[in-house]
Structures are given as C-alpha cells and as structure tokens.
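Asks: Following our numbering, the numbering of the sequence shown begins with 824 at its first residue and continues without gaps.
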Amino acid sequence: MPESVGVRQAQAQRTRSGVLEAAATVFVEQGVQAPVRDIAERAGVGVGTVYRHFPTRADLVTAVYRHQIDACAALAPRLLEESASPFTALTLWADAFVDFLVTKHGLGAALGSGDPGLENLHTLMLDTLVPACATLLDACAAAGVIRPGVTAYRLMRGIGNLCITGPDYDQADAERMVALLLMGCRDTA
C-alpha cells in the first residue's frame, strides 16, 4: 500500500473518531435529534464530512452508542476482577449503566421512533449488555449474595425504568432508586 493511501486512511479514521466524539458530546447536551451542523462544528469539520462518514442520522446514532455499549459491557469483567466482592462489582456496573441511560437524552425516544435504522441498536443493547449483567449476577449468585430468580433482563429493565428522568426527578434520584433496587436484590439470609 503506498504511503499516501495509508496516510489518507489514517486521517479518515481520525476524522471519523473526531465526529463520533463530537456527536457523543452533542447528544448528551442536546439529545439525538441535535442538528448535524452542531456536531460538525464541534468536530471541526463540514456537514458534508459528517454525512460522508455517516450517511443517515441512524448510522451516526448507532455508531456512537455501539462504542459506549461495548465499553459498558467490557466494564463488567474488569469490575469483577478489581472489586472486593461480586456485589460491589454489580453495584459499580449498575452505576455506569445508570450514567449511560440518563445521559443519553432522547435515546429512548429514538429507540421507540420506528426508524428501521435504529432497530438494531435496541437489539445490540440487549445482546451486549444483558450477558454482561448476567456475568455479574452469576458471580453474585455463586457468592450467595443475590436473591434467587433475579435475572439480568429484569434487573436491567427495572434500572431502565428508574432512569426515566423529568423535571422533579434527576440523575441523582435515579441513582438513589437504583441503589435501593439493588439492595432489595440482596440475599440477606
């Protein structure tokens, strides 16, 4: 491969990464329906460059959240290794999951929008995050610190429902409620 091709590919990857980082920041600030021009401006590129890398909004949303979903999933085994107990690892992972859910303004609406380009994002979340949570729950079960019957899918749905914020209910409220939910899952016998 000629050096100029490699240089162009490396630059294209840096541009793509810059657009993804800018989009993630803008999505937190404005939601997933933020104007593409705001994302382009934040990334220091033209609107055409954003569309060249991500032809549709669904492509951009999916790429941003795929990276963040993968990071949340990768956190589970690391927390199991580094934490004093499996329940501590579960709690820390739930905190990261809450942060992911609460800071993704408009993600829930986008998932329910019927946009066929975003259907795969919900599946990706389930296929990636449910097994990560299940790993933590399995470790808790093996240690005898979680009630029988707590499943990853149900726990994550519960956390998700507690993360629906509004004018009188913010991220701190969601975090407190999720902490109560997790305490209710503990097997204290």
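For glycine and all other residues, C-beta sits at the position ideal for the given N, C-alpha and C.
#1: Can you tell me whether Pro-909 is buried or exposed? The criterion is at least 16 other CB atoms within 10 Å of its CB, across all chains shown.
#2: At what residues does the alpha helix (DSSP H) containing Ile-987 begin and finish?
#3: Who does Ile-969 pair with in a DSSP beta bridge?
#4: Would you mind sorting Thr-879 into buried or exposed? The rule is 16 or more other CB atoms within 10 Å of its CB.
#5: Since Thr-914 and Leu-1005 should fall inside the 8 angstroms C-beta cutoff, what is the C-beta to C-beta distance between them, to a whole number of angstroms?
#6: Measuring CB atoms only, is the stretch 951-969 touching the stretch 878-895, in the sense that at least three cross pairs come out at less than 8 angstroms?
#7: From this set, Ala-919, Ala-907, Arg-970, Val-870, which residue's C-alpha is nearest Val-859's C-alpha?
#8: Return the residue from the list Leu-924, Leu-843, Ala-955 that minimises the CA-CA distance to Thr-872.
Replies: Reading from the atomic positions:
#1: By the neighbour-count rule (16 or more Cβ atoms within 10 Å), Pro-909 is buried.
#2: No alpha helix (DSSP H) holds Ile-987; DSSP gives it neither H nor E.
#3: Arg-1009
#4: Burial call: exposed.
#5: Between Leu-1005 and Thr-914 the Cβ distance is about 6 angstroms, and since that is below 8 angstroms, they are a contact.
#6: Result yes; three or more Cβ-Cβ pairs closer than 8 angstroms.
#7: Val-870
#8: Nearest to Thr-872 by alpha-carbon distance, out of Leu-924, Leu-843, Ala-955, is Leu-843.
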